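When you line the sequence shown up against our numbering, it's residues 7 to 182, in that order.
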Amino acid sequence: MHKPDPTEAIEGGIPTWIGLGANLGDARQALEAAARAIARLPDCALEQASPLYRSAPVDAQGPDYLNAVVRVRTRLPALALLDHLQAIELAAGRERPYRNAPRTLDLDILLYGDVHMDMPELTVPHPRMYQRAFVLRPLADIDAQQVPAALLESVAAQALEKLPAAQQWHPLADKS
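Structure below.
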């Protein structure tokens with residue numbers, strides 16, 4: 007277990023997996039814009055993106071979500087990355103009226119290398135990621151070694167639909 011100072015930059019960069027979700031407005035457009043914004047962050051390179059998935063809200067009501075996971079390599083400290091992600095959410099119109107409210111955009115740091123931290127602002131690994139098919143399936147698509155088969159089996163009953171090829175996104179094709 008690696009425990010760097012979450013406010014201190016990491017030399018050479020650290021692989022980081024970010025969950026993206028949206029269920030209000032044009033969710034696909036929101037995820038595409040978020041991926042472009044993440045790719046433009048300082049000291050952050052977008053390396054890989056999962057396919058898009060559709061899922062029902064968990065512990066909430068509202069429209070279905072579109073979900074994906076991206077992998078970046080960043081030299082940003084974890085808390086600085088979190089600040090940037092929250093600024094992207096805010097720019098997309100994210101409001102936080104109550105827990106699990108429908109949202110225009112949700113960006114979560116799932117894994118930050120092999121770092122484990124539990125702070126009021128940020129917990130990594132994300133505390134609920136291993137219970138959610140909409141996180142595990144896209145994560146497994148881009149980094150299978152991060153998701154043991156038993157975990158995928160444990161969430162197999164959760165409704166999750168991979169969008170057909172014609173409805174997929176290609177965030178690595180245009181990082182501008």
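Cβ coordinates follow ideal geometry from the N, Cα and C atoms, glycine included.
On a predicted model such as this, the values are computed, not experimentally measured, just so you know.
Buried versus exposed call for residue i [16 or more other C-beta atoms within 10 Å across all chains shown]
i, result
"K9", "Caution applies to K9, whose pLDDT of 49 falls short of 50 and renders its modelled position unreliable; the value that the coordinates give is listed next. Exposed, because fewer than 16 other Cβ atoms sit within 10 Å of the Cβ of K9."
"W118", "It is worth fixing the name first, because residue 118 is Tyr in this sequence and not Trp. With 16 or more other Cβ atoms within 10 Å, it is buried."
"I20", "buried"
"R105", "exposed"
"S182", "Here S182 scores only 49 on pLDDT, less than 50, and its place in the model should not be relied on; the value that follows carries that caveat. Burial call: exposed."
"M125", "exposed"
"M120", "Note that residue 120 corresponds to Asp in the displayed sequence, not to Met. That one is exposed."
"M7", "Its pLDDT being 44, under 50, M7 is placed unreliably by the model, and the measurement read from it follows with that caveat. By the 10 Å Cβ count, M7 comes out exposed."
"G18", "exposed"
"A36", "buried"
"L91", "buried"
"R46", "exposed"
"D114", "buried"
"G68", "exposed"
Which residues DSSP lists as bridging residue i, in chain order
i, result
"V78", "T22, L52"
"N73", "G27, Y59"
"D149", "BP columns for D149 are empty, so no partner."
"V130", "M123"
"I44", "Answer is none; I44 lacks a bridge partner."
"Y104", "Paired residues: none, contrary to the question."
"D32", "Paired residues: none, contrary to the question."
"L113", "L26"
"Y118", "T22"
Distance between beta carbons of residue j and residue i, contact taken as under 8 Å
i, j, result
"V75", "W23", "6 Å"
"T110", "A28", "6 Å"
"A165", "S56", "So it is not a contact: roughly 17 Å between Cβ atoms."
"V161", "R134", "Contact doesn't hold; Cβ gap of about 11 Å is too wide."
"A40", "A98", "7 Å"
Any non-hydrogen atom of the ligand COA closer than 7 Å to residue i Cβ
i, result
"D149", "This structure lacks the ligand COA, and indeed carries no ligand of any kind."
Opening and closing residue of the alpha helix (DSSP H) in which residue i lies
i, result
"E167", "Element bounds for E167: not the alpha helix (DSSP H) but the beta strand (DSSP E), 166-168."
"L96", "84-97"
"L157", "155-160"
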